[in-house]
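Protein chains: 2
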Amino acid sequence: MGFPETFKALSDPVRREILVLLKDKKLSAGEIGKHFEMTGATISYHLSQLKKADLILESKYKNFIYYELNISVFEEIMLWFTQFGGKENDKKNE
Amino acid sequence: MGFPETFKALSDPVRREILVLLKDKKLSAGEIGKHFEMTGATISYHLSQLKKADLILESKYKNFIYYELNISVFEEIMLWFTQFGGKENDKKNE
DNA sequence: AATCTATTTAGAGATATTTCTAAATAGATT
DNA sequence: AATCTATTTAGAAATATCTCTAAATAGATT
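The following block contains the structure:
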């Protein structure tokens, strides 16, 4: 939806952990929930925030809703960070 | 102070704008404040959050307190993002 | 030393966020 | 069709965040 939402979504530790879980595999809401000591409703809330921020995509299969990372938005965020320079983000030009 | 604080600090639009202002030059609290329609007290609050997150460093000169970016923490954050892959963050290995 | 200027600290109000329980949806299985 | 399973939605409570005004600090200037 836009930068503000994306950064807000990234500001919560639970949501960042969900993103890490989704790093290498699609997972259902229930599978994600098992990694936390929280109700399914709370997990659902966090997933909705990540979805609103376009950081994840969802797809349905049978009863389940599967979530996966939306890499393109990660790239946009990375791009925002490159403006601050640091240890050469421009290796390509060396 | 650690990832959670850093991401929290980055989640506010005013604070992100402050970081952009500091991108190419050191600025005093007052100079930063001029860019916003907020009281100095509020700016001071945001600066304290950025400082707590180690995103900025401060130094005194006369009456003024000058702020500048702390690049190393930006680098740590960038590193966190690289775990999500995306459009090759490993150009070096091509 | 008195005052001025730059900034922070304290306290309070408004709003936003995170979490829960209970109820609603919706598809799958019997 | 009745029920079971997975997930979301609604509403409420607790906590955190952002902003303000007023007061405190501290160094600079007169």
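Just so you know, the protein sequences line up as chains B and Y, in that order.
Counting with the working numbering, you get residues 158 to 251 for the letters of the first sequence.
Counting with the working numbering, you get residues 158 to 251 for the letters of the second sequence.
Glycine included, C-beta positions come from ideal geometry on N, C-alpha and C.
- Can you list the residues of chain B that residue 208(Y) reaches, using a CB-CB cut of under 8 Å? To locate residue 208(Y), count along the second sequence from 1; it is residue 51. None at all; the shortest Cβ gap to chain B is about 16 Å.
- Output yes or no for whether 8 Å exceeds the beta carbon distance between residue 207(B) and residue 175(B). Here residue 207(B) is taken as the residue at index 50 of the first sequence, counted from 1. Here residue 175(B) is taken as the residue at index 18 of the first sequence, counted from 1. The beta carbons of residue 207(B) and residue 175(B) sit closer together than 8 Å.
- Under the three-state DSSP convention, the category residue 249(Y) falls into: Position 92 of the second sequence holds residue 249(Y). Low local confidence applies: a pLDDT of 43 at residue 249(Y) is under 50, so the model's placement there is unreliable, with the coordinate-based value given in what follows. In this structure, residue 249(Y) counts as helix in the three-state DSSP scheme.
- Item | Separation of residue 209(B) from residue 167(B), as counted between CA atoms | Here residue 167(B) refers to the residue found at position 10 when the first sequence is read from its first residue. Here residue 209(B) refers to the residue found at position 52 when the first sequence is read from its first residue. Whole-angstrom Cα-Cα distance: 12 Å.
- Are residue 224(Y) and residue 198(Y) touching if we call contact CB-CB under 8 Å? Counted from its first residue, the second sequence places residue 224(Y) at position 67. Counted from its first residue, the second sequence places residue 198(Y) at position 41. Not closer than 8 Å, so no.
- Task: Would you mind sorting residue 165(B) into buried or exposed? The rule is 16 or more other CB atoms within 10 Å of its CB.
- Result: Taking the first residue of the first sequence as 1, we reach residue 165(B) at position 8. Flag for residue 165(B) reads buried.
- Message: Please list the terminal residues of the continuous beta strand (DSSP E) segment that includes residue 225(B).
- Response: To locate residue 225(B), count along the first sequence from 1; it is residue 68. Taken as a continuous stretch (DSSP letters only), the beta strand (DSSP E) holding residue 225(B) covers 221-226.
- Task: Report the rounded CA-to-CA distance for residue 196(B) versus residue 189(B), giving the unit in angstroms.
- Result: The residue labelled residue 196(B) in the question sits at position 39 within the first sequence. The residue labelled residue 189(B) in the question sits at position 32 within the first sequence. Residue 196(B) and residue 189(B): Cα-Cα distance of roughly 11 Å.
- By a C-beta neighbour count over all protein chains shown, 10 Å radius and 16 as the cutoff for buried, is residue 221(B) buried or exposed? Sequence index remark: in the first sequence, residue 221(B) carries index 64 (1-based). Counting Cβ neighbours within 10 Å, residue 221(B) comes out exposed, since fewer than 16 surround it.
- For residue 236(B), count neighbouring C-beta atoms within 10 Å of its own C-beta (all shown protein chains included) and say buried if the count is 16 or more, exposed if not. Taking the first residue of the first sequence as position 1, residue 236(B) is located at position 79. Residue 236(B) is exposed by the Cβ-count criterion.
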